[in-house]
Amino acid sequence: MRRMVLCRRRSDKAGSTSGEVKAMHEETIEIEGMSCGHCIQAVETALRSLAGVEVRRVEIGRAAVAYDPATVNRAQIAAAVEDAGFQVV
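Numbering (the numbering used here), first residue to last: 22 to 110.
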């Protein structure tokens, strides 16, 4: 499932904001090979390591993410999950 949402850029440390709005794609990725909490943590860690990806939820068999397509694409997200030892379907 894919969805696009708009996300305001967060303010910098000084508290000012750029006002820049970027389009984020939301998607639920189906994953095979997960069976426990360790698997969930491994997938979540792999996804959080990618710039431009916000992890919404990870559970056995799926992960919900939002990502900036200008920074990362679905193939890169799938590769990170597969590098962690699981299969994206």
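For every residue, glycine included, the Cβ atom is placed at its ideal position computed from N, Cα and C.
Chain-order list of residues whose beta-carbon lies under 6 Å from that of residue i (same chain, five-residue window excluded)
{"i": "I61", "result": "V79"}
{"i": "I98", "result": "none"}
{"i": "E51", "result": "R83, V110"}
{"i": "Y88", "result": "H46, G73, V74"}
Boundaries of the alpha helix (DSSP H) in which residue i is found, first to last residue
{"i": "V110", "result": "Segment: none, V110 is in no alpha helix (DSSP H) and carries neither H nor E."}
{"i": "V102", "result": "95-104"}
Own chain partners of residue i with C-beta closer than 8 Å, once the 5 adjacent residues on each side are dropped
{"i": "S56", "result": "I81"}
{"i": "V93", "result": "L71, A72, G73, V74"}
{"i": "A104", "result": "For the record, residue 104 in the displayed sequence is Asp; it is not Ala. Closer than 8 Å at the Cβ level, and outside the excluded window around D104, lie A67."}
Residue(s) in a DSSP beta bridge with residue i
{"i": "H59", "result": "Partner(s): none; H59 has no beta bridge."}
{"i": "T49", "result": "A85"}
{"i": "E80", "result": "R83"}
{"i": "V74", "result": "Y88"}
Beta-carbon proximity list for residue i, same chain, < 7 Å, skipping 5 on both sides
{"i": "A101", "result": "A67, L68, S70, L71"}
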